[in-house]
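Here the structure comes first, spelled out in structure tokens, and everything after it is commentary.
Numbering (full-length UniProt numbering), first residue to last: 1 to 164.
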């Protein structure tokens with residue numbers, strides 16, 4: 001069975017990871033390789049609807065476990081519907097966020113614990129692991145300044161400590 005390559009990008013809001021994902025996607029396509037660029041949450045019709053709920057600044061105070069389950073639902077659908085089929089076709093898949101984001105935000109940021117989130121991520125991803133994860137590491141303050149002037153989503157409005 002042919003298997004493509006899965007590359008994921010992680011980093012705080014405003015770190016530039018989305019820009020790097022797009023640039024790498026263009027570069028890979030320029031090399032003549034089949035490439036799928038996607039994001040989490042989202043990437044599918046169901047995932048985009050879940051994304052809307054998760055990032056809605058007017059969604060109010062969402063329970064950490066509820067938040068985690070929504071991310072996992074989006075991720076599970078994304079892996080089944082888009083990521084795995086592309087990998088089976090031998091394509092390069094480049095993702096703006098993946099399972100590591102849930103470990104950081106829900107495991108540590110929400111205090112749910114790395115062990116629980118890792119176990120549930122394994123189920124949602126069907127144990128799929130990236131071939132490469134690129135962490136775009138910038139200080140939280142730098143990321144926030146880059147977002148200055150744009151409307152912040154629900155997670156971007158969290159305290160600095162949540163993002164560290």
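Cβ atoms here follow ideal geometry from the backbone N, Cα and C, with glycine treated the same way.
Counting along the chain, residue 7 sits inside the beta strand (DSSP E) bounded by residues 5-11. Taking a contact as a CB-CB distance under 8 Å, the pair residue 94 and residue 37 counts as one, their CB atoms being some 5 Å apart. Short of 6 Å from the beta carbon of residue 74, and not among the five residues preceding or following it, lie these beta carbons of its own chain, in chain order: 41, 47 and 50.
Per the Cβ contact rule, the region 123-131 is in contact with the region 62-82 (3 or more Cβ pairs under 8 Å).
If the five residues before and after residue 86 are omitted, its C-beta is found closer than 7 Å to the C-beta atoms of 4, 36 and 93, all from its own chain and listed in chain order. Residue burial is scored here from C-beta neighbours: residue 115 has fewer than 16 other C-beta atoms within 10 angstroms and is therefore classed as exposed. Annotation: residue 44 is outside any beta strand (DSSP E) and is labelled neither H nor E by DSSP. Per DSSP, residue 125 lies in no beta strand (DSSP E) segment and is marked neither H nor E. Considering only 89, 71 and 65, the residue with the shortest C-alpha distance to residue 110 is 65.
Assigned with DSSP and collapsed to three states, residue 96 falls in strand.
CA-CA distance, residue 79 to residue 9, rounds to 16 Å. For the pair residue 133 and residue 7, the Cα-to-Cα distance works out to about 6 Å. Across the structure, residue 57 and residue 67 are spaced so that their CA atoms are roughly 14 Å apart.
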